[in-house]
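Residue 25 in my numbering sits at position 24 of the sequence shown, with consecutive numbering throughout.
No residue lacks a Cβ here, since even glycine has one placed at the ideal position from N, Cα and C.
Read the structure below first, then the notes.
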Amino acid sequence: MEHQLVKKVDFESMPLHTEYQLTEKGKSLMPILRDLNQWGKEWL
2 MEHQLVKKVD FESMPLHTEY QLTEKGKSLM PILRDLNQWG KEWL
């Protein structure tokens, strides 16, 4: 959260819970992560 890639969302409804969601900045990493995943499938 320090680098603003994810945001914390607290829900007050029962049961109380917290979710973490990607910010727009975090979503912008998706193409890179997909490429890295594909590379790993081929080389590891």
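If Leu23 sits next to Leu6, beta carbons under 8 Å apart, how far is it from one beta carbon to the other, in whole angstroms?
In the sequence shown, the residue the question calls residue 23 occupies position 22. In the sequence shown, the residue the question calls residue 6 occupies position 5. 7 Å between Cβ atoms; contact.
Can you tell me which of Glu20, Phe12, Leu45, Glu13 puts its alpha carbon nearest to the alpha carbon of Met1?
Only positions 2 to 45 of the chain appear in this structure, which leaves residue 1 out of reach.
Given Asp11, which residues of its chain have a CB within under 7 Å of its CB, disregarding the five upstream and five downstream residues?
Looking up residue 11 in the sequence shown gives position 10. Counting only Cβ-Cβ distances below 7 Å, and skipping sequence neighbours, we find Thr19.
Per DSSP, what are the beta-bridge partners of Asp11 in this structure?
As a position in the sequence shown, residue 11 is number 10, starting the count at 1. In the DSSP output, where bridge partners are listed per residue, Asp11 has Thr19.
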